[in-house]
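Here is the structure we will look at.
There are 2 protein chains.
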Amino acid sequence: MLALLALLAPPPPYSPEIAARLVGGALTDGVAYVRAAQLTDGIGARLSGSAGAEAAVQWALQRFREDGLSVRAEPVKVPHWVRGEERAEVLPARGRSGHSLAVTALGGSPATPVGGVTAEVIEVRSLAELHALAGKARGKLIFFDHSMSTPGGKTGYGEASPLRNHGPAEAAKLGAAGALVRSLATASLRDPHTGATTFEDGAPQVPAAAISVEDAALLHRLLQQGPVQVRLALGCRTLPDVDSANVVADVPGREKPEEVVLLAAHLDSWDLAQGAIDDAAGVAVVMEAARLIARLPQRPRRTVRAVLFMNEENGLAGGKAYAQAHASEAERHVAALESDAGAGRPLSIGLRAGEGAQALLAPWLAPLETLGAADFGGESGGADIGPLAAFRVPFVGVQQDVSRYFDYHHSAADTLDKIVPADLAQTAAAVAWVAYALAEMPQVLPRPAAPAARAAGGQK
Amino acid sequence: MLALLALLAPPPPYSPEIAARLVGGALTDGVAYVRAAQLTDGIGARLSGSAGAEAAVQWALQRFREDGLSVRAEPVKVPHWVRGEERAEVLPARGRSGHSLAVTALGGSPATPVGGVTAEVIEVRSLAELHALAGKARGKLIFFDHSMSTPGGKTGYGEASPLRNHGPAEAAKLGAAGALVRSLATASLRDPHTGATTFEDGAPQVPAAAISVEDAALLHRLLQQGPVQVRLALGCRTLPDVDSANVVADVPGREKPEEVVLLAAHLDSWDLAQGAIDDAAGVAVVMEAARLIARLPQRPRRTVRAVLFMNEENGLAGGKAYAQAHASEAERHVAALESDAGAGRPLSIGLRAGEGAQALLAPWLAPLETLGAADFGGESGGADIGPLAAFRVPFVGVQQDVSRYFDYHHSAADTLDKIVPADLAQTAAAVAWVAYALAEMPQVLPRPAAPAARAAGGQK
């Protein structure tokens, strides 16, 4: 009966042998975890401008060569921000002792004067509350105390991250002495989570640090009792820009080599840890997909291009440089997929494309059914590929389980042990197959209607 | 019908009015959480010998006086160990970079030489594996890599803690250069957990530090690949002993004031955080029980004595001093209960006493039924009351939910936010009622057959 049904069903539009080879290869003969380990245990932290970042570029070039891809380093000038001493404490007050605070500078923060800055703390929950302070913010430490924290649920990162990215700059415009931002974290054991904060050229800057969730709760409690003075000392600084690179590796298409399916991840990481889930995992997934596709007996119709971006974390110089350098062929980028959401197992396929895209892609997704990832759903996009939205490049995403992602993200706990090898292999299988499908299907996905660069950006 | 059953049932051996007053008082009009906040947010860390520990003694004396108890400070000489700089790193090796390690000195550790000690790491999983090394341990950093880690389940703390307590001393006897101990933790975000390590007088000592669970996993992985060199730098040191105190507060018995029901907790904490669950929670519970009993219109038959011990964490000087100073009345200590297992809700009543004790106490436990804590089960004992086992004092315990306890224990994350006020109030209610029952019941519990000091000791 099953055999009869199979005879009655239309044949799939793809080669079942190739599907088995790609998915099976990732699951039974994969090197994604080994590659993630090389990038973390072998190289370690990879903040833009650091020796680790440069080592990662060389490592990636070498691995892609070994995998038989056509690879090159494309120049990117990156910022070189370095962390220094970092300390903060609540000063003693009438009726209570002082407290040391667990803090870490936000990337891009200037240093405090030697000895630190000491000021009264004012708590706000939003940029609107900050702006309502107006002149009262002058000389104060602005404490951004949002409420992101939903273990296992919707994280609220998208809503809270503008406070970290733009809050300190807005506080600086009001004459504040500094900024403390509650860590953007869904779990905490007193570990602060860093991340970029942005000051426009020529605009005022203030020292800005993340504080742990526990210390944010402490400040909140103490502020119920009376004024709170905090001393913040940061030794971070920005050195001259450094020459670095995106690593770009092609599996040239057999029929339409000028049409490109782009697979993105980023080589750089924050400096507090090894950058395992952010984004050694994505690098390993993208490399694995390209490696498996390159090993096929016949290359797909279009070019599959793996791009390992530099400087995703604190400037997006790599993403901007790629879009600029490849503007003339951006119209021939038929799809882009960014892998920058950790090492969780695949859940669904996200799509940001023109009308009819789902119908085109759907018949190709059956090989992902047993992985539980054959349905459409969720977001697609990414910080590195964000600039390509201006060119109406369709974005495709392999959505992953991110329920623990913000427990570790941008913190000292982003270490290799957080990667479950089987989950990583499943995501690599899904990305390999989706990339192949996009490069092999007869038609290309219709392009989205309008560039919506903001909506297309990733969560960083 | 229910009224008829009630008429047929034997009357309870206790006054229902007093049960309602104690349990209801803790649940509706309690100050346990407020007291825990005063000890943590108000005073902060309280390691023996520190200003915080001294402030805690003064605070406790004042609070007990306000509560109308007969209170005194009993002298205890305590060690004064202070933390200094602490850093560790895996040195780079062929084919891989170096890594910084998240470490914290174990209490009692000596300092390293300035600049640290650099040595090859040897991994062991037990004291037996250490001893099997014999001469191979000389000059090495011994890495104790046990496997405690069962979130929400049995923690394994009792099995693993001897590695931390005695492993470094044993390594020192073999000529090791130092010791690294995997943190005794059931959850980790790269935060090391400290704790005491013990060197006998005159025996060799080595610098000893806890490393985070993640860093233990890193060392384990790197050791699979080849030799690993670590540099460990600790600035901790032991200063001269300091005069401190246990705080002892009585609600004198109305009929048999010479018979004592002892309620114990400890004022001191580790220095990495506020010591909220270890043991501000226990202090608050014991104070609350004593306060509620002292407010009754009629005091119970026997004396209820709250003892807030000093130096539970790194020496047990307070527990030893109390047992010595009160040896002559130890026979008249009819029960001892230690509250040093965090702030979780009450689950059951533990008993370590002579035959027939359960039968005597059982009829008194009905008021705890709706709290879910009226059944017997689990351990009883405690580090501070441990020395009283030599006098065959019956130990009674209000067992609590400790499923998250070792997530935070002895780490920087032991902060007030980990205390759920409702859970703390329920445990205070249970302890108040059990203490009252022990002080009011006509008979006393039969004493346990033999002193088993070791079994009676708490987990520290």
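For the record, the sequence lines run as chains U and A.
Quick note on my numbering: the first sequence kicks off at 4 and runs consecutively.
Quick note on my numbering: the second sequence kicks off at 4 and runs consecutively.
Don't be surprised by glycine CBs; every beta carbon is placed ideally from N, CA and C.
Asked                                                                                                                                                                                                                 : Found
Can you list the beta strand (DSSP E) stretches of 3 or more residues lying completely in the stretch 224 to 312 of chain U, in chain order?                                                                          : 232 to 237, 240 to 254, 259 to 269, 305 to 312
Consult DSSP for residue 81/A and reduce its assignment to one of helix, strand or coil.                                                                                                                              : strand
From the DSSP output, in three-state form, read off residue 95/A for me.                                                                                                                                              : coil
What did DSSP end up calling residue 37/A once you bin it into helix, strand or coil?                                                                                                                                 : helix
Which residues mark the beginning and the end of the alpha helix (DSSP H) in which residue 67/A is found?                                                                                                             : 54 to 69
Cβ of residue 148/U within 7 Å of Cβ of residue 223/U?                                                                                                                                                                : yes
Quick one: list the residues of chain A neighbouring residue 102/U, beta-carbon separation under 9 Å, in chain order.                                                                                                 : 44, 47, 48, 277
Could you check whether the stretch 315 to 329 of chain U touches the stretch 355 to 375 of chain U, counting it as contact only if at least three pairs of C-beta atoms, one from each stretch, sit closer than 8 Å? : no
Three or more C-beta pairs under 8 Å: does that hold for the stretch 337 to 349 of chain U against the stretch 375 to 392 of chain U?                                                                                 : yes
List the residues of chain U whose Cβ lies closer than 7 Å to the Cβ of residue 274/A, in chain order.                                                                                                                : Neighbours of residue 274/A on chain U: none; closest Cβ ~10 Å, over 7 Å.
Give, in chain order, every residue of the stretch 200 to 221 of chain A whose Cβ lies closer than 9 Å to some Cβ of chain C.                                                                                         : The structure shown has no chain C; the protein chains it does contain are U and A.
So that I know if they touch, is there some Cβ in chain A lying closer than 7 Å to that of residue 281/U?                                                                                                             : no
Within 10 angstroms of the Cβ of residue 16/U, are there 16 or more other Cβ atoms? Answer buried if so, exposed if not.                                                                                              : exposed
Do you know offhand how far residue 1/A's Cα is from residue 441/A's?                                                                                                                                                 : Because chain A here runs from 4 to 463, residue 1/A falls outside it and cannot be looked at.
List the endpoints of the continuous alpha helix (DSSP H) containing residue 124/U.                                                                                                                                   : Note, residue 124/U: premise wrong, no alpha helix (DSSP H); beta strand (DSSP E) at 120 to 127.
Among residues of its own chain, excluding the 5 on either side of residue 302/U, which ones have a beta-carbon nearer than 8 Å to its beta-carbon?                                                                   : 254, 255, 256, 257, 296
Give the single residue among 389/A, 122/A, 293/A, 57/A whose Cα lies nearest to the Cα of residue 432/A.                                                                                                             : 293/A
When you compare the CB of residue 448/A with every CB in chain U, is at least one pair closer than 7 Å?                                                                                                              : no
Counting along the chain, where does the alpha helix (DSSP H) carrying residue 328/U start and finish?                                                                                                                : 320 to 328
Quick one: give me the first and last residue of the alpha helix (DSSP H) that residue 409/U is part of.                                                                                                              : 408 to 411
Expressed to the nearest angstrom, what Euclidean distance is found between the alpha-carbon atoms of residue 163/U and residue 173/U?                                                                                : 15 Å
Strictly below 8 Å CB to CB, what residues from chain A border residue 324/U?                                                                                                                                         : Going along chain A, no residue has its Cβ under 8 Å from residue 324/U, so there is no contact; the nearest lies around 26 Å.
With distances taken from CA atoms, which of 291/A, 105/A, 29/A, 115/A is nearest residue 184/A?                                                                                                                      : 105/A
Since residue 103/A sits in a beta bridge, which residues does DSSP pair it with?                                                                                                                                     : 92/A
Which residue comes first and which comes last in the beta strand (DSSP E) that contains residue 336/A?                                                                                                               : 336 to 341
Please classify residue 227/A as buried or exposed, where buried requires at least 16 neighbouring CB atoms within 10 angstroms.                                                                                      : exposed
Here's the rule: buried if 16 or more other CB atoms are within 10 angstroms of the residue's CB, otherwise exposed. What is residue 326/U?                                                                           : buried
Is it right to say residue 361/U is buried, meaning 16 or more other beta carbons lie within 10 angstroms of its own, or is it exposed?                                                                               : exposed
Counting only Cβ pairs nearer than 7 Å, list the residues of chain U close to residue 415/A.                                                                                                                          : 105, 193
For residue 247/A versus residue 79/A, is the C-beta spacing smaller than 7 Å?                                                                                                                                        : yes
Counting along the chain, where does the alpha helix (DSSP H) carrying residue 27/A start and finish?                                                                                                                 : 19 to 31
Any C-beta of chain A within less than 7 Å: which residues of the stretch 221 to 251 of chain U qualify?                                                                                                              : 221, 224, 225
Which full runs of the alpha helix (DSSP H) of 4+ residues lie inside the stretch 333 to 391 of chain A, going along the chain?                                                                                       : 360 to 364
Starting from residue 133/A, follow the beta strand (DSSP E) in both directions and report where the run begins and ends.                                                                                             : Premise fails: residue 133/A lies in the alpha helix (DSSP H), 130 to 136, not in any beta strand (DSSP E).
Could you give the DSSP three-state label for residue 459/U: helix, strand or coil?                                                                                                                                   : Only weak support is given to the placement of residue 459/U: the predicted model assigns it a pLDDT of 42, under 50, and the value that follows is read from those uncertain coordinates. Reduced to three states, the DSSP call for residue 459/U is helix.
Residues in its own chain within less than 6 Å of residue 234/A by CB, not counting five upstream and five downstream?                                                                                                : 92, 119, 121
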